[in-house]
Amino acid sequence: PVLVVDLGAQYAQLIARRVREARVFSEVVPHTWSVERMLEKKPAAIILSGGPSSVYEEGAPSVDPAIFDAGIPVLGICYGFQAMAQALGGTVARTGTREYGGTDVAIDRTGTLLAGSPPTQTTWMSHGDAVHAAPAGFEVLATSPGSPVAAFEDRNRALFGVQWHPEVKHSPLGQKALENFLYEGVGLAGDWTPGSVIADQVAAIRAQVGDARVICALSGGVDSAVAAALVQRAVGDQLTCVHVDHGLMRAGEVEQIERDFVDSTGVRLIVRDEKERFLTALAGVTDPETKRKIIGREFIRVFEDAARQVVEEAGESGTEVKFLVQGTLYPDVVESGGGEGAANIKSHHNVGGLPEDLQFELVEPLRDLFKDEVRAVGRELGVPEEIVARQPFPGPGLGIRIVGEVTAERLDLLRAADAIARAELTAAGLDGEIWQCPVVLLADVRSVGVQGDGRTYGHPIVLRPVSSEDAMTADWSRVPYEVLAKISTRITNEVPEVNRVVLDVTSKPPGTIEWE
Ligand code: XMP
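Residue numbers (full-length UniProt numbering): 10 to 525.
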């Protein structure tokens, strides 16, 4: 892989995404890793990310100079560029001119890194320090008012650096610079494609499971469907899918799984009706993390049960199903604190919420992928478009979209409101634009209303339509007022107990997409 060393950047994930867009596999690792540990991953190249510190500050994330002697090409970005300059004997200092936002950079020579660049290009910068002198052996490629050295390279040692952020869209030629680095500077082919991911994963799954039986948690969403299709491609009939109807699904979902997925793949499916079990386990619980942990725990217990059912039905009593497939994605891993150094924002139930005494070994073929990459893999595998294009829906389902205790009545109410919002957004042709639209019931909030000449005292429903590239960051969608009006009118008319519809206009960060 190409390792992106996270030096405290806002944009480390984004750098990895851009590298992947160049069809090169890339992973983010924390700067606290030793150089030896990084080298164990056999990186083709290393990218040092930006970061908020000054290289000369006490406690600033440092870069071990050994990284530059390992014979591996390195690209430093922003802080990573300055850290590289300093480590190799250049000078970094405060200039007094902070460059923030769109900045014109003069390109003195294009070298390898900036090949194809016009004499000036607009870049996106965010820095107070600057490189004043490049280390010996480096050619200065570019300068800007606040950056005496804005880009440099040492072709012989394959070391490159830019002061600006090539990974953000506001640097229009940024992707070109990244590709110059990867293709010309490193010599990579750009052959990481959905087809190569499938081939690699099929081989890895076969190696992991051998001829053992495997079960897969099929939620009906994109991730679990694609994970199941991959495992089916790898081990065929050794796979049985289990759909747990936990009662926290939206309207019509179980039927959809049977219609869209099972019919097209012929996969074996067991549906377990566990509504009562989940309602009982969630009774009286209002804390979001506790809900998530409970749902995760009950899920696994049901799977253990389903696994026994699978061996019995196969006439193999006495044996055990050892493997459980989950559609865990890269952002789930990172956001559950799985990426070292990352804070635990939420326990995604397929990662952080697993019980300690898990009976299964996990098969997680999508663990390295972002959502759009999963969709591409799914299409390549022939998973129907109705599933591949579906908007994300969280594993804990409506359980984390009721703020307050989860009860059967509240679930019915939320299901009705959600079905209306989904139908109207689809009718307005907005599905492609909207990443997902959680519909949230504020069950512990009541407000006064008036309906049919009478006073009401009901609950608000929150609409949370967002646009996003990978759910790591998001913005609220500018849904046309007429569409919002229609949804609001229909929900307040058709769903008893709801007398108010509100719109969430918060980006992520600071808000997360889901409310819990
Ligand atoms: P947040 O709310 O953290 O959500 O901004 C990011 C994305 O992840 C989905 N999500 C989950 N998916 N299990 C899942 O499979 C979970 O526990 C979970 N929690 C959030 C959320 O819908 C959004 O797409």
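Just so it is clear, CB atoms sit at the ideal spot from N, CA and C, and this is done for glycine as well.
So residue i packs on residue j, CB below 8 Å; how close in whole Å?
{"i": "D484", "j": "R26", "result": "D484 to R26, Cβ: 17 Å. No contact."}
{"i": "V342", "j": "I224", "result": "At roughly 21 Å, the Cβ-Cβ gap does not stay under 8 Å, so V342 and I224 are not in contact."}
{"i": "V510", "j": "I522", "result": "The pair is not a contact, with the Cβ atoms about 18 Å apart (cut-off 8 Å)."}
{"i": "E389", "j": "I207", "result": "6 Å"}
{"i": "V149", "j": "T129", "result": "The Cβ separation is near 15 Å, so there is no contact."}
{"i": "A139", "j": "P157", "result": "6 Å"}
{"i": "K331", "j": "F270", "result": "Their Cβ separation, rounded to whole angstroms, is 24 Å, which puts K331 and F270 out of contact at 8 Å."}
{"i": "L407", "j": "L257", "result": "5 Å"}
{"i": "R410", "j": "V454", "result": "In fact, because the Cβ distance is near 14 Å, the residues do not count as touching under 8 Å."}
{"i": "A96", "j": "P74", "result": "4 Å"}
{"i": "P405", "j": "I304", "result": "4 Å"}
{"i": "G387", "j": "A234", "result": "7 Å"}
Shorter than 7 Å, the distance from the beta carbon of residue i to the closest heavy atom of the ligand XMP, or not?
{"i": "Q460", "result": "no"}
{"i": "G404", "result": "yes"}
{"i": "P401", "result": "yes"}
{"i": "residue 541", "result": "In the structure as shown, the chain begins at 10 and stops at 525. Residue 541 is therefore absent and cannot be evaluated."}
{"i": "E523", "result": "yes"}
{"i": "I480", "result": "Per the sequence shown, the amino acid found at residue 480 is Ala instead of Ile. Checking the Cβ of A480 against the ligand XMP gives yes."}
{"i": "Q445", "result": "yes"}
{"i": "K517", "result": "yes"}
Quick one: Cα of residue i to Cα of residue j, how far?
{"i": "S62", "j": "M93", "result": "14 Å"}
{"i": "E45", "j": "P52", "result": "11 Å"}
{"i": "L288", "j": "A430", "result": "25 Å"}
{"i": "P519", "j": "T112", "result": "27 Å"}
{"i": "V457", "j": "L439", "result": "32 Å"}
{"i": "L239", "j": "P203", "result": "12 Å"}
{"i": "V72", "j": "V244", "result": "44 Å"}
{"i": "E162", "j": "G146", "result": "8 Å"}
{"i": "A18", "j": "N508", "result": "43 Å"}
{"i": "K517", "j": "V475", "result": "9 Å"}
{"i": "E264", "j": "I214", "result": "29 Å"}
{"i": "P340", "j": "E503", "result": "37 Å"}
{"i": "V360", "j": "P154", "result": "Confidence at V360 is low in this model, with a pLDDT of 48, below 50, so its placement is unreliable and no value can be given for it."}
{"i": "I470", "j": "T295", "result": "17 Å"}
{"i": "A143", "j": "L23", "result": "27 Å"}
{"i": "T482", "j": "G463", "result": "43 Å"}
{"i": "E394", "j": "R384", "result": "9 Å"}
{"i": "T152", "j": "Q172", "result": "9 Å"}
{"i": "R487", "j": "F402", "result": "20 Å"}
{"i": "L84", "j": "P39", "result": "16 Å"}
{"i": "W133", "j": "A79", "result": "30 Å"}
So is residue i buried or exposed if we call it buried at 16+ other beta carbons inside 10 Å?
{"i": "L472", "result": "buried"}
{"i": "Q460", "result": "exposed"}
{"i": "N165", "result": "exposed"}
{"i": "K380", "result": "buried"}
{"i": "E108", "result": "buried"}
{"i": "R118", "result": "exposed"}
{"i": "T299", "result": "exposed"}
{"i": "P505", "result": "exposed"}
{"i": "N189", "result": "buried"}
{"i": "P489", "result": "exposed"}
{"i": "K302", "result": "buried"}
{"i": "G350", "result": "For G350, the pLDDT reaches just 46, beneath the cut-off of 50, and the residue's location in the model is therefore unreliable, although a value from the coordinates is still provided. Looking at its Cβ environment, which holds fewer than 16 other Cβ atoms inside 10 Å, G350 is exposed."}
{"i": "L367", "result": "exposed"}
{"i": "P514", "result": "It is Val, not Pro, that sits at residue 514 in the sequence shown. Exposed, because fewer than 16 other Cβ atoms sit within 10 Å of the Cβ of V514."}
{"i": "S135", "result": "buried"}
{"i": "P181", "result": "exposed"}
{"i": "E307", "result": "buried"}
{"i": "S497", "result": "buried"}
{"i": "T328", "result": "exposed"}
Less than 7 Å between the CB of residue i and some heavy atom of the ligand ATP, yes or no?
{"i": "I303", "result": "You won't find the ligand ATP in this model; what it holds is the ligand XMP."}
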